[in-house]
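Here the structure is laid out as structure tokens; the discussion comes afterwards.
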Amino acid sequence: MSEFRMPSLGADMDYGTVIEWRVAEGDRVRRGDVVLLVDTEKAEIEVEIWEDGVVEHIQVPAGQKVPVGTVLATLRPEAAQAGAAMPAAPAPPAPPPRIEKGPEPARAVLPAPAPVSAPQEPGRRVHATPLARRIAAELGVELASVVGTGIEGAIQAEDVRRAASARGAPPRETPAVSAAPEERPSTPQAERRAAVRRRIAEAMERSKREIPHYYLQTEVDVGRALAWLEAENLKRPVTERLLLAPLLLKAVARGVTAAPELNGHWVGGAFRPGAGVHVGVVISLRGGGLLIPTLRDVDRKGVGELMGELRDLTQRARQGRLRGADVSEATISVTNLGDTGVETVFGIIYPPQVAIVGFGRVTERPWAEDGLLGVRPALTVTLSADHRASDGQAGARLLAELTRVLRDPERA
Amino acid sequence: MKTTYREALRAALRDALARDPRVFLMGEDVGRYGGCYAVSRGLLDEFGPERIRDTPLSESAFVGAGIGAALGGMRPIVEIMTVNFSLLALDQLVNNAATLLHMSGGQLAVPLVVRMTTGAGRQLAAQHSHSLEGWFAHVPGLRIVAPATLEDARGMLWTALEDPDPVLIFEHNGLYAMEGELDEDAGPVDIDRAQVRRAGGDVSLVTYGGTLPKTLAAAEQLAGQGVEAEVLDLRTLRPLDEAAIFASVARTHRAVVVDEGWRSGSLSAEIAARIQERAFFELDAPVQRVCTEEVPIPYPRHLEEAALPQVADVVEAARRALGAR
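Protein chains in written order, with my numbering: chain X, 1 to 412; chain S, 1001 to 1325.
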């Protein structure tokens, strides 16, 4: 028997509300099936299961809000059912939930198994000192929610005490912010918008408080990139036509390979390089607010494939139908305000990431090159990066490589 | 009274020789030459050749003779010029002095006191710069003490002589010239307990012997950075005053062990291990160690300094233990 737990659907998610079960007890599930709809305060997210089996017992009914890591349901392997003591019975009544002893089958592999949610990297054992663990137990503080400032980023006693006192304080502070909208009869949409706003506020506040940003900017002549897109699109059916955006994402991924110190997370006083290049794409919502779903392994995908995924992701984000995999931890983010007419955007880093690339609008500009003045379609690319994790040299390398890709798109 | 570590040791010898006629000093050059580090200078004239005895250059022979004298009812003080030469007497110390009480079924105690110089820092190169007191602290049957203050230099000898079992006193060569105030009536001190030399609540710096002054200097620097370090002087390396170590760790929740010995299989390793065995749940950081680099001690001054624990190393280790504070 294995346990299916409330996954961590983002570094800042501590709780999730079960909105709707898509499976019932006794249902057979396969790895990748959407089994659950979870409200994370940011969005409703369809959660997949990562193990085959039979749903044995649903422990958290719809409507309940539980911390990340809570067991939502138990799963028994299919084999166990086949071999169970009911060989011929055609439709046996579901057996009462029971605890099976004996060798435990492999545990459910979920995006975030243990109650590991916030500041420390998901999936990594929480590093806390013995004293910190003791005090956390005494004060009832969830270690996973504590930022460590100790040796190698370990949580030390003082961090736990700080977290405990911070936890004690906000209930008195937050109403000032949230009371007004909540007093009005509010719709679920309005509530969600308010929650999204709060989450953005928290993340951005933390970013500007903790992250020493540095900013770089460069202009890129995208004439060849646009010409390449045009030629490429002539070969494609209308539904598969490419936009500039996926090419920009590809260029970011290539840029990151030249400056790996910009791809990853700053956790507990140290940089942890990302495994793979997972780009968080800032998507603005029509009702206000934004989401940053993740395009995974951008460095290993072609522009056409990225286009499809980006289209799909944008659509689902705006419908509030993101899946668990969509909101897995990104290693770098991209913000693109080009379609709003803005020429330059300097993003604010989404912690614990260490960089965000900003793209503005492509405009025709006077362009001097090789001693000649011409008019070219130009794009302003910016980089905001965490000076704790990298220096301007690294940022410059990223932008230089990105520029190279945009000026020679065949190689993207 | 202003005095030095060297003079305090000499005062202790003179006091012991005067108090008890069974006490005598023997070793290489302790008589006419006055001792390699001049600790026994003048004692030959004062107490005569019967009680201040120059020996041949044979550590095994004169340490063995000391054991025999102790068995015979005397209270010998054997000076081995430095710990480096004690290796020639290891068999006598480890196989005889440490075991005879046990081997004789409790009949034969060995009330021997052995003094020796230890440590590096004087450009004496790899063969004359060992810090091997940790080796001796490994051996049951021996008591190992390391005076690091004037009070202990003056007071540990008599208490060691009163102990019915062998006691080895390690005097760090860097301490002999240390000057300071000592009470006129300073006398015997215990050889059981560690002592807090500086109180503080943020981090425990556990040390002994030659690295005590460096550790105190590091604590001063840390105080300038807003960190109050507690400095614990072990004084007795065997048996370790565990209770004092654990009590300090319980106050500060962080420990740095400073030891001039090499890191591998060292006294510092033993202390760190005991802290995690017995005070694990008090720890708010992994135990840090500052030890000598694992190389033969180099002769050139800059390399020797680089190899040995220095004040900056202690400060850095303490800051490491403190994390981002």
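Cβ atoms here follow ideal geometry from the backbone N, Cα and C, with glycine treated the same way.
All values derive from a computational prediction rather than experimental measurement.
Item checked: Pick from A1244(S), G1261(S) and A1223(S) that is closest to T947(S), judged by C-alpha positions -> The question about residue 947(S) has no answer here: the residues shown for chain S are numbered 1001 through 1325.
Item checked: CB contact check: P77(X) to chain S, cutoff 8 Å -> By this cut-off, P77(X) is not an interface position.
Margin query: What are the residues in the stretch 125 to 136 of chain X lying within 7 Å of chain B by C-beta distance?
Written below: Included in the structure are the protein chains X and S, with no chain B among them.
Note to self: Could you check whether the Cβ of I49(X) sits closer than 8 Å to any Cβ belonging to chain S?
What the structure shows: Taking 8 Å as the CB threshold, I49(X) stays off the interface with chain S.
Item checked: Chain-ordered neighbours of I151(X) on chain S, where CB pairs are closer than 8 Å -> Within 8 Å Cβ-Cβ: A1285, P1286, R1320, A1321 and G1323.
Notebook entry, point to check: From A1012(S), H1302(S), A1285(S) and A1306(S), pick the residue whose C-alpha is nearest to that of D1152(S); which is it?
Noted result: The shortest Cα separation from D1152(S) among A1012(S), H1302(S), A1285(S) and A1306(S) belongs to A1012(S).
Next item on the list: Count the C-beta pairs between the stretch 15 to 34 of chain X and the stretch 150 to 159 of chain X that are closer than 8 Å, then say yes if the count reaches three, no if not.
Entry: With the cut-off at 8 Å, the stretch 15 to 34 of chain X and the stretch 150 to 159 of chain X do not touch.
Margin query: DSSP has N336(X) in a bridge; who is on the other side?
Written below: The bridge partners DSSP lists for N336(X) are F359(X).
Next item on the list: Taking all protein chains shown into account, decide if Y1033(S) is buried (16 or more other Cβ within 10 angstroms of its Cβ) or exposed.
Entry: It is exposed - the Cβ of Y1033(S) has fewer than 16 other Cβ atoms within 10 Å.
Next item on the list: Tell me whether the beta-carbon of L143(X) lies closer than 8 Å to the beta-carbon of A154(X).
Entry: No, they are not a contact pair.
Next item on the list: Kindly say whether A144(X), judged by its beta-carbon, lies nearer than 8 Å to any beta-carbon of chain S.
Entry: Chain S, which has no Cβ nearer than 8 Å to the Cβ of A144(X), makes this no.
Note to self: Can you list, in chain order, the residues of its chain with a C-beta nearer than 7 Å to that of A195(X)? Leave out the 5 residues immediately preceding and following it.
What the structure shows: Hits under 7 Å: E41 and K42.
Check: Taking Cβ-Cβ distances shorter than 9 Å, what residues in chain X pair up with F1246(S)?
Finding: Chain X residues near F1246(S): none, gap ~13 Å exceeds 9 Å.
Notebook entry, point to check: Whose CA, out of H1128(S), R1278(S) and T1215(S), lies closest to the CA of G1258(S)?
Noted result: Note on residue identity: the sequence assigns Val, not Gly, to residue 1258(S). It is T1215(S).
Checklist line | C-beta atoms of S207(X) and H278(X) nearer than 8 Å | finding: Pairing S207(X) with H278(X) gives a Cβ-Cβ distance that is not under 8 Å.
Notebook entry, point to check: Going by DSSP, what residues sit across from S2(X) in a beta bridge?
Noted result: Answer by DSSP bridge pairing, in chain order: L75(X).
Checklist line | Within-8 Å CB hit, Q156(X) to chain S | finding: Output row for Q156(X): interface = yes.
Next item on the list: Count the other C-beta atoms from every protein chain shown that fall within 10 angstroms of the C-beta of Y1037(S), then say buried if there are 16 or more, exposed otherwise.
Entry: When all chains shown are included, Y1037(S) counts as buried.
Check: Excluding the five sequence neighbours on either side, which residues of its own chain have a C-beta within less than 6 Å of the C-beta of T314(X), listed in chain order?
Finding: Once the five neighbours on either side are set aside, the close Cβ partners of T314(X) are I283.
Notebook entry, point to check: If you run the structure through DSSP and keep just helix, strand and coil, what is G392(X)?
Noted result: G392(X) falls in the helix class under three-state DSSP.
Next item on the list: Classify S1248(S) as buried or exposed, calling it buried when 16 or more other Cβ atoms lie within 10 Å of its own Cβ.
Entry: Buried.
Check: What separation, rounded to the nearest whole angstrom, lies between the Cα atoms of E1184(S) and M1001(S)?
Finding: Rounded to the nearest angstrom, the two C-alpha atoms are 6 Å apart.
Check: Counting only beta-carbon atoms, is E1228(S) nearer than 8 Å to chain X?
Finding: Judged by the 8 Å Cβ criterion, E1228(S) is not in contact with chain X.
Notebook entry, point to check: In the DSSP assignment, what residue or residues form a beta bridge with K65(X)?
Noted result: Note: K65(X) sits in a beta bridge opposite T17(X).
Check: Nearest to L402(X) by CA position, among D391(X), R388(X), T382(X) and G392(X), is which residue?
Finding: When each option's Cα is compared against that of L402(X), the closest is T382(X).
Next item on the list: With DSSP as the reference, please indicate the residues paired to D221(X) in a beta bridge.
Entry: D221(X) pairs with A378(X).
Checklist line | Span of the alpha helix (DSSP H) around W1337(S) | finding: Any question about residue 1337(S) goes unanswered here, given that chain S covers just 1001 to 1325.
Checklist line | Contact set between E1277(S) and chain X, taken where Cβ atoms lie within less than 8 Å | finding: Per Cβ cutoff of 8 Å: no residues; E1277(S) is ~12 Å from chain X at best.
Checklist line | Reduced DSSP secondary structure (H/G/I, E/B, other) of V141(X) | finding: Coil, per DSSP.
Check: Of the choices P246(X), A259(X) and P351(X), whose alpha-carbon is the least far from that of G304(X)?
Finding: Of the listed residues, the one whose Cα sits closest to G304(X) is P246(X).
Notebook entry, point to check: Counting only beta-carbon atoms, is E1242(S) nearer than 8 Å to chain X?
Noted result: Output row for E1242(S): interface = no.
Checklist line | Where H1102(S) sits in the DSSP three-state scheme | finding: Three-state DSSP puts H1102(S) in a helix.
Check: Ends of the alpha helix (DSSP H) at V303(X)?
Finding: For V303(X), the enclosing alpha helix (DSSP H) covers residues V303 to R318.
Notebook entry, point to check: Which partner residues does Q59(X) have in the DSSP bridge list?
Noted result: Beta-bridge pairing links Q59(X) to no other residue.
Note to self: Quick check on G1326(S): does DSSP put it in helix, strand or coil?
What the structure shows: Only positions 1001 to 1325 of chain S appear in the structure, and residue 1326(S) is not among them; the question remains open.
Item checked: Straight-line Cα distance separating E1228(S) from E1007(S) -> So the alpha carbons of these two residues sit roughly 33 Å apart.
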